[in-house]
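Q:
There are 2 protein chains.
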Amino acid sequence: MNERPKIKDIAERLGVSAATVSRALSDSGLVAEPTLSRIREVAREMNYRPNVSARNLRTQRAMAVLMVVRDVGNPFYLEILKGVEATARAAGYSVLMGNTENDSDREVEYFDMLRDGHADGMILMTGKLPAREGFLDSVADAPIVVALEEIRDAGFPHVMIDNEGAARDAVEHLIGLGHKRIAHISGPVPEIMSVSRRNGYRAAMQAAGLAIPDGYEPVGDYLLHTGQRLCRELFELPQPPTAIFVANDEMAFGVIHELRRLGLDVPGDVSVVGFDDLFLSEAFYPPLTTVSQPRAEIGRAAMNMLLDMLAGGLTPRKPAMLPTTLKIRGTTAPAPK
Amino acid sequence: MNERPKIKDIAERLGVSAATVSRALSDSGLVAEPTLSRIREVAREMNYRPNVSARNLRTQRAMAVLMVVRDVGNPFYLEILKGVEATARAAGYSVLMGNTENDSDREVEYFDMLRDGHADGMILMTGKLPAREGFLDSVADAPIVVALEEIRDAGFPHVMIDNEGAARDAVEHLIGLGHKRIAHISGPVPEIMSVSRRNGYRAAMQAAGLAIPDGYEPVGDYLLHTGQRLCRELFELPQPPTAIFVANDEMAFGVIHELRRLGLDVPGDVSVVGFDDLFLSEAFYPPLTTVSQPRAEIGRAAMNMLLDMLAGGLTPRKPAMLPTTLKIRGTTAPAPK
DNA sequence: GTGAAAGCGCTAACAT
DNA sequence: ATGTTAGCGCTTTCAC
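These protein sequence lines are chains A and B, in that order.
Just so we're aligned: 281 in full-length UniProt numbering is position 281 of the first sequence, and the numbers increase by one with no gaps anywhere.
Just so we're aligned: 137 in full-length UniProt numbering is position 137 of the second sequence, and the numbers increase by one with no gaps anywhere.
Structure follows, in structure tokens:
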């Protein structure tokens, strides 16, 4: 590590000006050939790296973007991150990860990082803005792309999947197998993503003329243990379901775990459909039937949109909708008689 | 977003100097009371945030650290990250995530981020240095803490678990259940972590006087599908094992998945022990017997060590060894006759 | 306790 | 094609 050479050191050693060195190193095409090569060579030899603070201060850009999620601990976000990262790197940007844990203060902190020059733009996947009066106004024209979740009426560009449609497809699959008593464990309401998936469930049920009994729509929080608990409650009902559509895979794992403890066979006694297609879902036993999202693609699309905005492009009015796939595996079977 | 007020704006509005504003905002205790409060108030009112590039340039510190892993996609790292992050935040540092994908160029890039001022220190969890001649010398005195994996002879402080001891305990558990034909699916050799776990396996086998037949030590790469494939190969052997100690949970999931496909019961026909205790391991079916590491604690310990170094403390000579626990769950049972 | 002034390392406008 | 100069926004001596 030791000495950190600066542009001036290189310049002095070659008897040229600092400006020339800067130009040579930035491929500006403004430096002539005998000098150019010598500068590059010396820079490499001295192991020179430009100081980012100085450069960012001067250029007023950080060449970094912020990707903000609720919970870095959720493996779901990782493949999205990979998509974001690959696209960002290709454009010379680095990616900072932000983790809010649903804490409003931390949400604000990440928005602050935009204002203090830590990052030039943000991909927001928390599904909400900090609950502060007038907050939206203060960030309305910032370079922000909302992905995965939705923030209505904020005017930000969106990259999403059709949660409602995907949920409807999943429930229709269950209905097609002859199930009539189908329950839904949702995510936190009234968050839009949770509501959309629940709406898809309701739409499919209604279209098939099936009733949704009291207690068939317990509200969860996407966590494993909650799936377990809500499943138990479902089976304390006078008329328990024969199929459950769960709003995400993690809760679905909890549900299946609990069903097993209750001595019920999956899918013999109860069918289960999840949502997300985590990398473990296929190796789970039984392999989980679930809705698969193009995660890396979501990341790439969001980052591309953000790059457009940073380059001065306009913000797209219409959300980008990416397609989902229902992966039919081992946790769904015809309804028991 | 709009206007980004600077210190000068605040100063002018109050008729004080920029220096005073800077001092007031940094809690230096050098500004007297009538002024102090007014500055703070105006700063809040103007929604002021100091520009990080300018500050970092001036102070020559980024107040950020880099946590570099092989694969952000591995949920294993997430809880470590949480530990690192919590400790870092408390000390006023932010955490940048680095993802190498085992690519030497990317590894170098992250070291460069130390030199270009992006970060002040690094927590390295890749288990190796970039394979460049003289590389070690160039970073030998950088503020780097190695966690999880080990880099021998580099002189960096380490935060680790006793991989060999934990592996030996795991295998002894199997031996205690009466198993004699025990195979081990390892991680990539010759990486130290993989080798350590394999050594633990060998030590336990030898101590029990058990032979390790040819083909009983297939080498994997910690990935799900590899576990599947190597398991299949194991059962094409003339004398297949009755128990398998797998170097991580992800491969163990693959192994169990494959055993099921082969029509073998876990743990009735074959016992399996993993290593990591992922958050899904307990909900898996059968619940996985595995070695649990104190992940968040590893993150906290590593970050604390790094903070010490950044504060000018000495680098500890002896690695910090954190304790592991063998979680005995549902994938291990007495050996079949 | 506060202000004036210098300077962190870099890039960009202007000059030649 | 290269050099000179100024300045990004902040913190920190050094004065008073």
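For each residue, glycine too, the CB sits at the ideal point set by N, CA and C.
#1: Which chain A residues are close to Y285/B, counting only those with a beta carbon under 8 Å from its beta carbon?
#2: Less than 8 Å separating the beta-carbons of A333/B and G268/B?
#3: Are the stretch 79–98 of chain B and the stretch 51–59 of chain B touching, with three or more C-beta to C-beta distances below 8 Å?
#4: With H, G and I counted as helix, E and B as strand and the rest as coil, what does DSSP make of F279/A?
#5: Can you find a CB in chain B that lies within less than 8 Å of the CB of K82/A?
#6: Helix, strand or coil for N2/A per DSSP?
#7: Work out the CA separation of E101/A and P5/A for me, nearest whole Å.
#8: Which residues bound the alpha helix (DSSP H) around M205/B?
#9: Would a check of beta-carbon distances place F253/B closer than 8 Å to chain A?
#10: I need the boundaries of the beta strand (DSSP E) containing K318/B, first residue and last residue.
#11: How many angstroms separate the CA atom of I7/B from the CA atom of L14/B?
#12: Taking only three categories from DSSP, how would you classify T226/B?
#13: Do T315/A and S292/A have their C-beta atoms within less than 8 Å of each other?
#14: I need the DSSP call for S94/B, collapsed to helix, strand or coil.
#15: When you compare each of I80/B, E109/B, M63/B to G92/B by their alpha carbons, which one comes out closest?
#16: Would you report the Cα separation of I175/B and I328/B, rounded to the nearest angstrom?
#17: Measuring straight from C-alpha to C-alpha, what distance separates E149/A and V159/A?
#18: Between which two residues does the alpha helix (DSSP H) holding G121/A run?
#19: Taking 8 Å as the cut-off, decide whether the C-beta atoms of P130/B and F111/B are in contact.
#20: Taking the CB atoms as reference points, tell me whether P121/B and L234/B lie closer together than 8 Å.
#21: Check this for me: beta carbons of E164/A and G220/A, under 8 Å apart or not?
#22: Name, going along the chain, the residues of the stretch 266–281 of chain A whose beta-carbon falls closer than 9 Å to a beta-carbon of chain B.
#23: What beta strand (DSSP E) runs, 3 residues minimum, are completely inside the stretch 5–81 of chain B?
#24: Specify, as a first and last residue, the run of the beta strand (DSSP E) that H118/A falls within.
#25: Looking at G127/A: is its Cβ nearer than 8 Å to the Cβ of E217/A?
#26: For the 8 Å Cβ check, are there 3 or more pairs between the stretch 272–281 of chain B and the stretch 246–253 of chain B?
#27: Using DSSP bridges, identify the partner residues of T325/A.
#28: Any Cβ of chain A within less than 8 Å of the Cβ of V52/B?
#29: Can you name the residues that DSSP bridges to A183/A?
#30: Consider the Cβ of P75/B: report whether some Cβ of chain A lies at a distance smaller than 8 Å.
A: Let's see:
#1: Contact annotation for Y285/B against chain A: I256, H257, R260, F284, Y285 [CB-CB distance below 8 Å, chain order].
#2: In contact: A333/B and G268/B (Cβ atoms closer than 8 Å).
#3: No, they do not touch.
#4: Under the three-state reduction of DSSP, F279/A is assigned to coil, being neither helix nor strand.
#5: K82/A counts as touching chain B.
#6: Any answer about N2/A is weak, because its pLDDT of 49 lies below 50 and its placement is not dependable; what the coordinates show is given next. In the structure shown, N2/A falls within a coil segment according to DSSP collapsed to helix, strand and coil.
#7: Just so you know, the alpha carbons of P5/A and E101/A end up roughly 41 Å apart.
#8: Per DSSP, M205/B belongs to the alpha helix (DSSP H) from 192–207.
#9: So, interface residue.
#10: Per DSSP, K318/B belongs to no beta strand (DSSP E) and is neither H nor E.
#11: Computed Cα separation, rounded: 11 Å.
#12: It is helical.
#13: No.
#14: Strand at S94/B.
#15: Nearest of I80/B, E109/B, M63/B to G92/B, Cα basis: M63/B.
#16: Taking the straight line joining both Cα atoms gives about 14 Å.
#17: Cα-Cα distance, rounded: 8 Å.
#18: For G121/A, no alpha helix (DSSP H) encloses it; the enclosing beta strand (DSSP E) starts and ends at 121–124.
#19: Result yes, Cβ atoms of P130/B and F111/B sit closer than 8 Å.
#20: Residue 121/B is actually Gly in this sequence, not Pro. No, Cβ-Cβ distance for G121/B and L234/B is not below 8 Å.
#21: Not in contact: E164/A and G220/A (Cβ atoms no closer than 8 Å).
#22: In summary, the residues of the stretch 266–281 of chain A whose CB is separated from some CB of chain B by less than 9 Å are L278, F279, L280, in the order they occur in the chain.
#23: Runs of the beta strand (DSSP E) lying entirely within the stretch 5–81 of chain B and spanning at least 3 residues, in chain order: 64–69.
#24: No beta strand (DSSP E) contains H118/A, which DSSP labels as neither H nor E.
#25: When the beta-carbon positions are compared, G127/A and E217/A stay at least 8 Å from each other.
#26: Yes, they touch.
#27: In the DSSP output, where bridge partners are listed per residue, T325/A has S292/A.
#28: Yes, its Cβ sits closer than 8 Å to a Cβ of chain A.
#29: The bridge partners DSSP lists for A183/A are I244/A.
#30: A Cβ of chain A is located within less than 8 Å of the beta carbon of P75/B.
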